[in-house]
Amino acid sequence: APKNEVPHRAPVVTIMGHVDHGKTSLLDYIRKTRVAAKEAGGITQHVGAFEAKTSKGKIVFIDTPGHEAFTSIRARGANVADIAIIVVAADDSIMPQTREAIAHAQAAKVPLIVAINKMDLPTANIDKVKQDLIAQNLVPEEFGGDTIVVGVSARTGEGVEDLLEMISLVAELEDLRADPKAELGGVVVESRVDRQMGVLANVIVQQGTLRVGDFLVVGERYGKIKALTDSLGARIKDAGPSTPVQILGFSEAPTAGDMVASARNEHEAREMVQSRVTVRRDGEQAREKRRMTLDDIFGAGGEVREINLVLRADTQGSVEAIQGILARKTSEQVNLNVMLAGIGAPTEGDVLLASTANATILCFSVVPSPGVQKVATQKGIELKTYRIIYELIDEVDRLIKGTQE
Ligand code: GTP
Ligand code: NA
Ligand code: MG
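The C-terminal residue of the sequence shown carries number 501 in the UniProt record's numbering, and the numbering is unbroken.
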């Protein structure tokens with residue numbers, strides 16, 4: 097159908113930012129519930145999606161955690177959303193996870209709105225936040241830039257209407273449409289196992305319509321929808337585009353970020369799963385062929401001039417020491433490009449970064465968790481760990497030598 101005949105759909109908006117800057121509280125105010133107060137330790141542990149009926153119509157919101165351990169979840173949040181709200185506390189300004197959230201939104205190429213929260217605090221310093229935003233190349237409209245900045249308070253509600261207004265304005269410009277009659281497309285935002293109910297998967301329908309009784313294929317699993325609930329917990333029979341739903345019917349929990357498709361019957365569902373497994377295996381083999389290991393590089397020689405590295409170490413001192421040595425080893429022939437240097441064990445986010453940048457992860461005096469190691473193995477990323485700094489440097493020397501031979 098021509099695009100202008102496809103109906104409009106509600107925007108999907110993700111709320112990102114540093115820990116405790118008020119993301120969940122802001123959403124609570126918008127949907128008038130009290131989720132933040134009920135969370136264990138006041139920390140959002142998962143990605144929740146819900147639908148809010150606002151004065152500007154329906155908006156789907158995705159809450160994300162600010163804690164640094166959740167990088168990959170935030171990255172997924174940016175990929176399913178049309179618009180990203182970056183929440184910055186007015187008393188704290190830009191913090192590490194704020195920068196990361198901005199980077200994810202920019203990488204996903206979604207329009208971004210900055211909400212400066214906690215404006216009610218006497219320590220709020222909006223001018224400082226705006227200066228810090230400019231330093232991040234986010235120039236507020238009032239200074240001639242194109243970054244939409246709204247001051248809000250999740251406590252008093254100040255500015256929240258303006259924020260909703262801005263969301264609907266941006267959504268209108270984006271001209272978001274989806275066909276409820278198209279083939280089903282959706283994405284898993286989270287899943288969990290409930291002791292009584294079984295596997296519950298939270299999905300946002302992106303196009304088409306999902307119905308109770310449908311066979312769904314998610315990643316490499318399939319299931320038949322036994323029950324469907326909306327984000328307020330009401331039983332529903334079907335759900336169209338831009339609707340977050342909870343699905344009961346999978347025997348195993350799907351992974352957040354998995355795409356959801358529908359099949360006509362169980363046979364077709366099983367065949368779709370089978371072909372996906374084959375596609376994945378072929379993809380992995382192709383990746384294995386493409387990606388060079390350190391050993392390949394020692395033996396290969398000549399071609400690689402750029403060495404991408406992710407560096408993880410136990411203290412700021414060792415990070416700086418290693419970076420200093422690496423900087424001196426960078427020459428006209430070989431560029432040692434440290435994509436990310438950080439304190440503490442490597443995260444899943446580091447592995448995702450290394451995977452997109454074809455980087456090697458070097459760890460000094462920090463050990464990856466089994467979970468992160470597993471993801472690295474799956475993605476074919478080398479995670480090298482050292483306890484002696486000179487051994488790490490020796491490795492880098494071998495890498496450089498490999499590129500020169
Ligand atoms: P994570 O999910 O853990 O990253 O945190 P969050 O960004 O969702 O922040 P959350 O909503 O949990 O709020 C953190 C703290 O800030 C809580 O104690 C809130 O009551 C407080 N807070 C949130 N918004 C405001 C606000 O506008 N004004 C004031 N004074 N306090 C706020
Ligand atoms: Na919090
Ligand atoms: Mg939260």
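Glycine included, C-beta positions come from ideal geometry on N, C-alpha and C.
If you draw a straight line from the alpha carbon of residue i to that of residue j, how long is it in whole angstroms?
i	j	result
LYS425	GLU364	56 Å
PRO161	PRO192	13 Å
residue 503	LEU495	Absent from the structure is residue 503, since the part of the chain shown begins at 97 and ends at 501.
SER461	ASP187	35 Å
THR351	SER287	7 Å
VAL415	ALA409	6 Å
ALA417	ALA197	28 Å
ASP275	PRO103	6 Å
GLU147	GLY153	10 Å
MET262	GLU270	12 Å
ASP290	LEU296	7 Å
ASP159	MET368	31 Å
VAL235	ASP493	42 Å
PRO340	ILE457	37 Å
ASN404	HIS114	27 Å
ALA211	GLN474	37 Å
GLU348	ASN221	48 Å
residue 57	TYR486	Past the boundaries of the shown model lies residue 57; the chain is included only from 97 to 501, so the question cannot be answered.
ALA106	ASN433	41 Å
ALA472	CYS459	13 Å
MET112	ILE300	18 Å
SER427	GLU402	10 Å
LEU488	LEU407	11 Å
SER327	ALA145	7 Å
residue 579	SER151	Nothing in the structure corresponds to residue 579, since the chain is present only between 97 and 501.
ALA335	THR305	5 Å
ALA455	VAL430	14 Å
ILE244	GLN302	26 Å
Compare the C-alpha of residue i against each of the options and name the closest.
i	options	result
PHE346	LYS333, ILE332, GLU362 and SER338	GLU362
SER465	LYS480, THR452, GLU237 and ALA455	LYS480
LYS226	GLU238, LEU217 and THR219	GLU238
TYR318	SER371, GLN202 and THR339	SER371
LYS280	ARG307, LYS470 and LEU269	Reading off the sequence, residue 280 comes out as Leu, not Lys. Looking at the Cα atoms, ARG307 is the closest of the given residues.
LYS205	VAL176, ILE126 and ILE321	VAL176
GLY438	GLN419, SER121 and ILE343	GLN419
LEU229	ALA201, ILE190 and ASN213	ILE190
ARG273	GLU478, ASP493, GLU491 and VAL108	VAL108
ALA203	ILE179, GLU101 and ASP116	ILE179
SER249	PRO207, VAL184 and THR194	VAL184
ILE421	GLU491, THR452, ILE477 and GLY445	GLU491
LEU448	HIS200, THR150, ALA357 and THR325	HIS200
ALA453	HIS163, GLU478 and PRO337	GLU478
LEU312	LYS134, ILE343, ILE182 and GLU101	ILE343
TYR482	GLY498, VAL463 and GLY476	VAL463
GLY315	ALA423, VAL356 and ARG251	VAL356
residue 72	ASP216, ALA278 and MET435	No answer is possible for residue 72: the residues shown for the chain start at 97 and end at 501.
residue 566	LYS322, GLU254, VAL285 and GLY476	The chain is shown only over 97 to 501; residue 566 falls outside these bounds and no answer can be derived.
LYS149	ALA423, THR129 and MET435	THR129
ILE181	THR120, PRO337, GLY137 and GLY240	THR120
Could you check what DSSP says for residue i in three-state terms: helix, strand or coil?
i	result
residue 92	This structure cannot speak to residue 92, because the chain is shown only from 97 to 501.
MET112	strand
ASP334	strand
GLU135	coil
MET293	coil
GLY420	helix
PHE239	helix
SER414	helix
SER371	helix
ASN175	helix
ALA357	strand
VAL468	helix
Starting from residue i, follow the alpha helix (DSSP H) in both directions and report where the run begins and ends.
i	result
ASP124	119–127
PRO464	First-last for PRO464: undefined, no H or E at that position.
ASP446	444–453
GLY476	Where GLY476 is concerned, there is no enclosing alpha helix (DSSP H), given that its DSSP letter is neither H nor E.
ILE244	Taken as a continuous stretch (DSSP letters only), ILE244 belongs to no alpha helix (DSSP H), being part of the beta strand (DSSP E) at 244–247.
Tell me the residue span of the beta strand (DSSP E) that contains residue i.
i	result
GLN193	No beta strand (DSSP E) contains GLN193, which is instead part of the alpha helix (DSSP H) from 192–203.
MET215	First-last for MET215: undefined, no H or E at that position.
GLU286	281–290
ASP326	323–326
ASP159	153–159
SER264	No beta strand (DSSP E) contains SER264, which is instead part of the alpha helix (DSSP H) from 256–270.
LYS277	From DSSP, LYS277 is part of no beta strand (DSSP E); its letter is neither H nor E.
GLU101	Element bounds for GLU101: n/a, residue is neither H nor E.
GLY319	317–320
Check the Cβ-Cβ distances between residue i and every residue of chain C, and say whether any is below 8 Å.
i	result
GLN342	Going by chain labels, chain C is absent from the structure shown, which holds only one protein chain.
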